[in-house]
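Residue numbers (this note's numbering): 1148 to 1662. Right, one structure below, let's go through it.
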């Protein structure tokens, strides 16, 4: 194992590196590219046809995007659940370094982003970018009562039961401005519904609700209990996000914006529950309502690409399409369905060849599609097998703009710029750290992957969990190069690999940085 003998020395060296070890080293072109980052919600590695020839879902627009750019086959979300991934994308820092050590934020939880941490949109705004977020936020807000006092005073993540959360919702004065949302963290504008299955069931624009949620969500509508605006329809969320995105792109072609680049963070709510595909998508797939909802995601991607071309912005826009984590493979029955049901009912493998689903430490929980289109910078029709992580976009953007990263900035982000440009074959990072929904850690180094503990499942109850084995292995070790399906735990056979990877993971956790 060639890395084994060098590992302890490497750990010491990397921890001693200057914090700004990854910075721009070359002159960059003066024309700043527009950046469109499309983040699907719970889209699996095996959903798009360009990733899975046996997919039962037509994805012509995602496939076309792959033909126009670079398709990554070893890309990973920083977490196998939602909120932590969004935090990491915007900060370049793993979310498990915050107070959120497992799971996600729940209804009315306090904001997770720190006030003193520079986010990606703040970084870009300092370089003259207009910035907007359209879609799902799920990073928390500060809500006020009629007296202007905080109603969600507990620190995040708060451990409250449903009754306590409902009581918070009843105290909120929705005529008050909402604080500590996207506008407080670098976005000029925001439009979305925060979380599609959480209250309030209404659209939020900038720092206020579009329509007051004056009634309670009916029990027969999918989602957590809470206030809802009259006439709220779950199936209208995705179309509204897409329409607003298309309108925003069109506005950027107007004369007053021609010299101002923009960053658009389009955060879809699909194919996450509630699984509510629009009528025109019903029956498009052979994977039930889930597949039809993925087809709607594909249509949204197509609408964005068409809008860029019609606005004359396609040639100078970096487009990134990816997912916040793997899919739980719910069929869409009753707007949801049991975990894994789209596999058992329709034979559609949402994770492709990989073991596991959303929330897992196994590959299916965090190995995600990632396609990058950047005319003039990324060669079309290319496939890249280097290990990368969505947390790396922060350092990539920084290097593109010649920005040195401070010691307390983007601590876990590695630049992908040379990789995107095909300038060398050296992987941008030599390791990956994974984190499951229940807080289980895993580390990948070369062909080896270590899961710290016996549960690869991140919290969903399903067949395939590795049960605790008293007296046996205390974790899982796989050689992915030989065992990509993570079928054979070789923990007991390679104690030296276990010790070295455990030490390396612990060094990154305690050092506060991995870059």
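Heads up, the beta-carbon is just placed ideally off N, CA and C, and yes, glycines get one too.
Assigned exposure category for residue 1399 - 16 Cβ within 10 Å defines buried: buried
Proximity to residue 1337 [Cα-Cα], best of 1270, 1374, 1402 and 1414: 1414
Closest Cα partner of residue 1640 within the set 1442, 1625 and 1631: Selection 1442, 1625 and 1631 evaluated against residue 1640 yields 1625 as nearest (Cα-Cα).
Short Cβ contact (7 Å threshold) for residue 1435 with residue 1204: no
Sheet register partners of residue 1571 (DSSP bridge): For residue 1571, no pairing in a beta bridge is given by DSSP.
DSSP beta-bridge partners of residue 1509: Answer is none; residue 1509 lacks a bridge partner.
Residue span of the beta strand (DSSP E) that contains residue 1517, given as start and end: Taken as a continuous stretch (DSSP letters only), the beta strand (DSSP E) holding residue 1517 covers 1517-1520.
Bridge-paired residues (DSSP) for residue 1480: 1483
DSSP state of residue 1312 mapped onto helix, strand, coil: helix
Residues near residue 1514 in its chain [Cβ-Cβ closer than 6 Å; skip 5 each side]: 1192, 1223 and 1501
Closest Cα partner of residue 1542 within the set 1271, 1248 and 1418: Nearest of 1271, 1248 and 1418 to residue 1542, Cα basis: 1271.
Environment of residue 1589 [buried if 16+ CB atoms lie within 10 Å]: buried
Between the CA atoms of residue 1260 and residue 1321 - distance to the nearest angstrom: 22 Å
Chain-order list of residues whose beta-carbon lies under 8 Å from that of residue 1430 (same chain, five-residue window excluded): 1439
Residue 1478, buried or exposed, once every other Cβ within 10 Å from all chains shown has been counted against 16: buried
Given 8 Å, three or more beta-carbon pairs between the segment 1278-1286 and the segment 1312-1326: no
Spatial distance of residue 1217 from residue 1519 (CA atoms): 5 Å
Cβ pair residue 1466, residue 1183 closer than 7 Å: yes
Three CB pairs or more closer than 8 Å across the segment 1446-1453 and the segment 1205-1215: yes
Spatially closest choice to residue 1377 from 1391, 1358 and 1395, by CA coordinates: Among 1391, 1358 and 1395, the Cα nearest to that of residue 1377 belongs to 1358.
Validate contact between the segment 1230-1241 and the segment 1553-1560 using beta carbons, cut 8 Å, 3 pairs: Yes: the two stretches touch, three or more of their Cβ pairs being nearer than 8 Å.
Contact check, residue 1633 vs residue 1509, beta carbons under 7 Å: yes
Secondary structure, beta strand (DSSP E): runs of 3+ residues fully inside the segment 1200-1274: 1217-1219
Three CB pairs or more closer than 8 Å across the segment 1350-1364 and the segment 1325-1342: yes
Minimum length 3: unbroken beta strand (DSSP E) runs contained in the segment 1334-1364: Inside the segment 1334-1364, DSSP marks whole beta strand (DSSP E) runs of 3 or more residues at positions 1336-1341, from first to last along the chain.
Burial state of residue 1642, where buried means 16 or more other Cβ atoms lie within 10 Å: exposed
Run of the beta strand (DSSP E) containing residue 1288, from where it starts to where it stops: Here residue 1288 belongs to no beta strand (DSSP E), and DSSP marks it neither H nor E.
Contiguous alpha helix (DSSP H) assignments of at least 4 residues, all confined to the segment 1406-1484: 1435-1457
Buried versus exposed, by CB contacts within 10 Å (16 or more), residue 1404: exposed
Three-state secondary structure (DSSP) of residue 1529: strand
Three-state class that DSSP yields for residue 1625 in the structure shown: strand
Residue 1290 beta carbon less than 7 Å from that of residue 1328: A distance of 7 Å or more separates the beta carbons of residue 1328 and residue 1290.
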